[in-house]
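Numbering (the working numbering), first residue to last: 29 to 240. Cβ coordinates follow ideal geometry from the N, Cα and C atoms, glycine included. Everything numeric in this text was worked out from a predicted model, so none of it was measured. Notes for the one structure printed next.
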Amino acid sequence: MRIRAVRLPEDGVAVRRICVATGDAGDHSRHILREPELMAHVFAGPYLALQPRLCFLAESSGQPLGYVVAALDSAEFYHRWQREWAPAFAADHPLTGTEEHSTDADAQLRLLLHRPLRMLLPDSETYPSHLHINVLSGARRSGVGAALLRTLFAALERAGSPGVQLGVRATNAAAHAFYRAMGMTRLPLDDGPAIRFGRPLGGRYRRVRENG
Numbered sequence: 029m030r031i032r033a034v035r036l037p038e039d040g041v042a043v044r045r046i047c048v049a050t051g052d053a054g055d056h057s058r059h060i061l062r063e064p065e066l067m068a069h070v071f072a073g074p075y076l077a078l079q080p081r082l083c084f085l086a087e088s089s090g091q092p093l094g095y096v097v098a099a100l101d102s103a104e105f106y107h108r109w110q111r112e113w114a115p116a117f118a119a120d121h122p123l124t125g126t127e128e129h130s131t132d133a134d135a136q137l138r139l140l141l142h143r144p145l146r147m148l149l150p151d152s153e154t155y156p157s158h159l160h161i162n163v164l165s166g167a168r169r170s171g172v173g174a175a176l177l178r179t180l181f182a183a184l185e186r187a188g189s190p191g192v193q194l195g196v197r198a199t200n201a202a203a204h205a206f207y208r209a210m211g212m213t214r215l216p217l218d219d220g221p222a223i224r225f226g227r228p229l230g231g232r233y234r235r236v237r238e239n240g
């Protein structure tokens with residue numbers, strides 16, 4: 029098994045496929061979405077397009093096992109998303125005006141696709157970076173996720189980040205244990221069904237405009 033930087037465009041299909049296949053807390057997104065590809069539009073595609081230097085793939089014998097993606101400066105990243113990523117979906121995935129209070133999972137993802145700043149987590153000065161990690165079921169508990177996170181933490185630190193955080197379902201106990209084992213701690217100001225984990229890094233934060 030090895031970890032390497034994502035190569036675009038050829039790795040884009042694999043990353044998006046893994047995102048969809050694991051988007052329901054490790055299970056396939058089809059269990060919760062009528063349009064499973066929405067999961068990749070929100071949690072994979074924008075990172076590949078806007079922050080490719082912080083996207084890494086795990087593979088064995090040429091077969092993708094999982095990936096991690098991140099944004100160095102979450103606020104700046106979401107503003108770029110609003111300008112550069114969301115417009116591509118205006119025609120095929122328009123907002124209907126009902127998403128704001130809908131409990132429908134497809135509607136909620138459409139809203140995030142168009143209004144990404146809703147995903148901005150608290151403590152953005154201490155933990156300005158955020159990440160998403162997904163590993164195929166057959167590759168879990170074999171060190172793949174740990175290797176991906178170690179690679180990403182080092183890359184974020186080199187880029188100047190003082191800290192990274194993520195959101196995870198409050199009911200996903202296995203993920204909580206994994207993040208704690210990777211040196212992340214549960215953060216306050218949790219909201220709703222998601223909780224947050226964060227890890228300080230050694231970087232001295234500077235705003236770096238990532239042009240992809």
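- The DSSP assignment places complete alpha helix (DSSP H) segments of no fewer than 4 residues inside the stretch 161-231 at 172-187, 201-209, in order along the chain.
- Between residue 102 and residue 152, the C-beta gap is smaller than 8 Å, which places the two residues in contact.
- Only residues of its own chain outside the window of five on either side were considered, and among them 141 have a CB closer than 6 Å to the CB of residue 69, listed in chain order.
- In the DSSP assignment, residue 95 is bridged to 85, 162.
- The Cβ atoms of residue 158 and residue 193 sit closer than 8 Å to each other.
- The distance from the Cβ of residue 196 to that of residue 94 is about 16 Å, inconsistent with a contact at the 8 Å cut-off.
- Here residue 91 is exposed. Its C-beta has fewer than 16 other C-beta atoms within 10 Å.
- For residue 44, the enclosing alpha helix (DSSP H) starts and ends at 40-50.
- Taking 4 residues as the shortest admissible run, the stretch 95-163 contains the following complete alpha helix (DSSP H) segments, listed from N- to C-terminal end: 102-108, 133-142.
- Under DSSP, residue 31 forms a beta bridge with 86.
- In this chain, the alpha helix (DSSP H) harbouring residue 77 covers 73-78.
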